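FYI, in mature numbering (1 follows the signal peptide of the UniProt record, and there is no 0) the residues of the sequence shown are -21 to -1, 1 to 709.
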Amino acid sequence: MHCNPTRRTFLKGTAATAALAAVGTCSVAAWRAEQAEAAATGAAKIQGASLCNGCSSKCGLIATALDGRLWTVEGMKEHPYSKGTLCGRGHGAAQWAYSDGRLTQPMKRAADGSFAPISWDDALSEIGAKVQEIIAEAGPEALAIIQDPRPSGKYYSKRFMNALGSPNVYTHAAACNLSKESGIQEATGAQNFSVDFPNTKMVVFIGRSYGDGIRPSSVKSLAGAAEGGARVVIVDPRLNNSGVFATDWVPIRPGADIAFLLGIANVLVTRDLYDHAFVEQSAVGFPEFAAQVTEYTPEWAEGICDVPADTIVEIAESLAAAAPACAIEPSWRAAFGCAYQNSFETARAVCAVNALLGCWGQKGGALITSSPKAGDVDPVKFPEVPKPAAKRLGDAEYPLALSGTGTNLAVLNGCADGVIQGVFFYNSNAVQGYAQPAKWREALSQAKLVVTIDVQMSETALASDYVLPECTVLERLELPEFIGGKKHYVALRTPVIERIHPETRPCDEIFTGLAEACGVGEYFDFTVEELADAQLASVGTSLDAVREAGIVELADPGFAFGTPTFKTPTEKFQFASAKVAEAGLNPVIGYVPRLVEPAEGEFFLIGGKQGIHSHSMTLNLEALNAISREYQLERLWMAASDAADLGIVDGDTVELSSSECSGQVAVKVTERLKPGVLFLPTHYGGTSPYLTRAQGFGLNMMDFVPLHLEPGVGSTMSQEVAVKVRKVEG
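1) Quick one, which of 654, 517, 633 and 325 has its alpha-carbon nearest residue 570's?
2) Who are the Cβ neighbours of residue 371 in its own chain at under 6 Å, not counting the five residues just before and after it?
3) Identify whether residue 611 lies in helix, strand or coil by the three-state DSSP scheme.
4) State whether the segment 217 to 233 contacts the segment 265 to 274, with contact taken as three or more CB pairs (one from each stretch) at a distance under 8 Å.
5) Excluding five sequence neighbours on each side, which residues of the same chain lie with their C-beta closer than 6 Å to the C-beta of residue 107?
6) With residue 532 as the anchor, note down where its beta strand (DSSP E) starts and where it stops.
7) What residue ranges within the segment 215 to 248 form continuous beta strand (DSSP E) runs of no fewer than 3 residues, ordered along the chain?
8) Measuring only the C-alpha atoms, how far is residue 81 from residue 606?
9) Count the other CB atoms within 10 Å of the CB of residue 350; is the residue buried (16 or more) or exposed (fewer)?
10) Quick check on the burial criterion: 16 or more other C-beta atoms within 10 angstroms. Buried or exposed for residue 712?
11) Do residue 525 and residue 29 come within 8 Å of each other at the CB atom, strictly closer than that value?
12) Fully enclosed by the segment 35 to 85, which beta strand (DSSP E) runs are 3 residues long or longer?
13) I want to know whether the segment 456 to 465 touches the segment 497 to 515 - three or more CB-CB distances under 8 Å.
14) Where does the unbroken beta strand (DSSP E) through residue 403 begin, and where does it stop?
15) How close, in whole Å, do the beta carbons of residue 572 and residue 321 come, if the pair is a contact with beta carbons under 8 Å?
16) Helix or strand or just coil, what does DSSP make of residue 674?
17) Use the C-beta contact count for residue 359: other C-beta atoms within 10 angstroms, 16 or more gives buried, fewer gives exposed.
18) For residue 256 and residue 280, what's the separation of their Cα atoms in angstroms?
19) Just tell me which of 300, 440, 78 and 178 has its CA closest to the CA of residue 251.
20) For residue 644, count the other beta carbons within 10 Å of its own beta carbon; 16 or more makes it buried, fewer makes it exposed. Which is it?
21) Can you list, in chain order, the residues of its chain with a C-beta nearer than 6 Å to that of residue 653? Leave out the 5 residues immediately preceding and following it.
22) If you reduce the DSSP assignment to three classes, tell me which class residue 460 lands in.
23) Under the rule that 16 or more other beta-carbon atoms within 10 Å means buried, what is residue 548, buried or exposed?
24) Could you check which residue in 403, 149 and 707 has the C-alpha nearest to that of residue 443?
25) Would DSSP call residue 349 helix, strand or coil?
26) Which whole-angstrom value describes the C-beta separation of residue 657 and residue 617, a residue pair presumed to lie in contact below a C-beta threshold of 8 Å?
27) To the nearest angstrom, report how far apart residue 152 and residue 85 are at their CA atoms.
28) From 545, 205 and 467, pick the residue whose C-alpha is nearest to that of residue 538; which is it?
29) Per DSSP, which one or two residues make a beta bridge with residue 181?
30) Which residues bound the alpha helix (DSSP H) around residue 489?
31) Once you ignore the five residues that flank residue 688 on each side, which residues in its own chain have a CB closer than 6 Å to its CB?
32) Using DSSP with H/G/I as helix, E/B as strand and the rest coil, what is residue 286?
33) For a test of the three-state rule: what should DSSP assign to residue 658, helix, strand or coil?
34) In the DSSP assignment, what are the bridge partners of residue 616?
35) Tell me where the beta strand (DSSP E) around residue 26 begins and ends.
36) Restricting to Cα atoms, I'd like to know which of 355, 164, 432 and 602 is closest to residue 409.
Next up, the structure:
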């Protein structure tokens, strides 16, 4: 199906304007008049550079404060992710500083489940005593932390846990992009890659939408490629908001992307359209892959993914004609970040098609670039923490999971089994967004200690014994953020307004206080300023220089187009992997089916992002919540033909049910969805009474999904679910 709406309409206006208008508290004209009046009265105006916290991209921003109060935020022009633009969630996230829903003091849960304020001294003292009790009874390996990586958080959380002697440090990745990055790493040795959009002739997106999971530079790159005549193919059950840049929409059966990719690979191999030189010189395992891929004909693929065989052939031939200036885009969470039983293998299949096209490292193709990092710092001032003796929980069962992330569902199972007795969460709402909220609550109730560090009273905070309030992103200094690519940069999150609530603290102070209370304070005898300056000195700059500029370009990494040296055990692209074989899976890239198939009368259920939200994190913010309500963004999408069959019209209330849960929500009837599929945005269904705007608004998709763990990697398989839907009468 072809679509070609006006691309420029997508970029029309600004997210800030939309946010102001949606709140309804003032018109844009009134806001601009107030801004001009404030400037005319001589209000003290201060500008500062920092990094957004609306999502994990950490785009550069410039904030302006008038008389100490935040006034505006805008994208930093020099930052490679923002390039002068801040998305809607970035503007909305700035509201956290003044939000009525933020945490302002430490809280302790009582026996009846209620929370009451507690002093920092008492909270840290009690937490420290319980940590030491757990270590004495069960060892440090009974402790764990889950954190959503942020510049300071990813350093301090690991250092804190390792100082206690625990190896159990996890990120949110098992509920995000663990399968995808683990699969890419097994094939290429790198965890991710990018597309050279300025030079590409054709790019295929598998489920991912730059127009919904917005990083401004990504949207601009895609828009530039489209304007330059590149063919942009979206393979997705839903015509997502990147459709304004697309030449083709290929509706596909959810969880069957791997069959589509293997069908393309079959055409490239059996019709001799692949890059022989790359395969012969830079790859291993091709003979085994080629023998296996002969089974995956376009007709076979059509029977699984419901994409016509002729379409698969045409796309494969078009890619071959465009090669090497083409690529299958790497995706993120989307269709195979952590979604299905075959997500890891789908990521490997993406890499395999790119290998057959010979596009690795080529102009217009798939680029593996390098990233900078801090060098060595003074070992006396910043002593190295001893490596824990124990192995991280879950690594043995899921050996293909990235070493830097781990399988955080091991914490859930560990709590349920009594192996994990103390859990810390930093900037993570695992209870609401990772997998099966009811099972998380039950598991955490078995632990002796649960501590959450956050800016708001999330569902995970409600399941905790202690909740420690972090100051918001615009009120704190963090460690340097290193940025890779064709060029290398280092950026800095700096405070642009004074701390509003004196009982909130930045994470470095929180972890330092925890360490001292737990008896390992000797590893934290430095300030964040001292460590940041030392890290920056190791790459040739300084805290003052980066604080002033916001971002500094580092030494030229020497990027050049050309076939890369793959950092795999074989130093070549791997169509087959010995490590995958050791994990008990097929070493050769091949077909793996999805796990759950709908029965008669059931639907596939898929989820995804909207451009103004980051899952459950941003829904309680005033402007962003107002936009969601104004445009009814919480609605369940249903294909028009399915709605007609069920007697449902746009705006009707329906009941959605699975083996795990049922709930009611309004429906959006649309032609932008493949029949047999339902789409539910992943930001809604909050249950925390402290987050009054988010509570009870919409449905939480993770309530409906049975708890599964993907073999080899331990991801959540977040879309392995079949559901029923019925119209609610009256």
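All C-beta atoms, glycine included, are put in the ideal place defined by N, C-alpha and C. Predicted, not measured: the structure shown is a model, and the values here were computed from it.
Looking at the atomic coordinates:
1) 325
2) Hits under 6 Å: 146, 147 and 385.
3) coil
4) no
5) 496 and 497
6) 530 to 532
7) 227 to 229
8) 20 Å
9) exposed
10) The structure shown has nothing for residue 712, since the chain only spans -21 to 709.
11) no
12) 39 to 45 and 48 to 54
13) yes
14) 401 to 405
15) 7 Å
16) Here residue 674 carries a strand assignment [DSSP, helix/strand/coil].
17) Burial call: exposed.
18) Computed Cα separation, rounded: 27 Å.
19) 300
20) buried
21) Answer for residue 653: 216 and 230, listed in chain order.
22) strand
23) exposed
24) 403
25) strand
26) 6 Å
27) 28 Å
28) If you compare the alpha carbons of 545, 205 and 467 with that of residue 538, the shortest gap goes to 467.
29) 210 and 305
30) 486 to 497
31) 388
32) coil
33) In the structure shown, residue 658 falls within a strand segment according to DSSP collapsed to helix, strand and coil.
34) 647 and 658
35) 24 to 30
36) 432
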